Amino acid sequence: MPISKKNQTILFLIVAISWFIAGGFTIGTYLPIGMSFFILGFIFVILTVKGFRGMNNQ
């Protein structure tokens, strides 16, 4: 069963939010790793939003 584009976007957002949460917890113990988690989460959000806009334009 193929994953629809909308569900794929929601899945990406859940992954990105989980990166942010992991980053928030990690910053409390070890700052550099936490910051890299935050940056990865931010990149995920940007890619998801751009991909979603690209799909809507087609």
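Residue numbering for the sequence shown follows numbering that gives the first Met the number 0, starting at 0 and increasing by one per position. C-beta: ideal position from N, C-alpha, C; glycine also. A quick note: this is a predicted structure, and the numbers were derived from the prediction, not measured.
Q) Are there three or more Cβ pairs, one per stretch, closer than 8 Å when the region 22-36 is compared with the region 4-14? A) no
Q: Select from PHE37, PHE51, ILE45 the residue whose C-alpha is nearest the C-alpha of GLY23.
A: For the purposes of this step, residue 23 is taken as the residue at position 24 of the sequence shown. Here the closest residue by C-alpha is PHE37.
Q.
Would TRP18 and PHE51 be called neighbours here (beta carbons separated by less than 9 Å)?
A. On the sequence shown, position 19 is the one that residue 18 refers to. On the sequence shown, position 52 is the one that residue 51 refers to. No. Outside cutoff.
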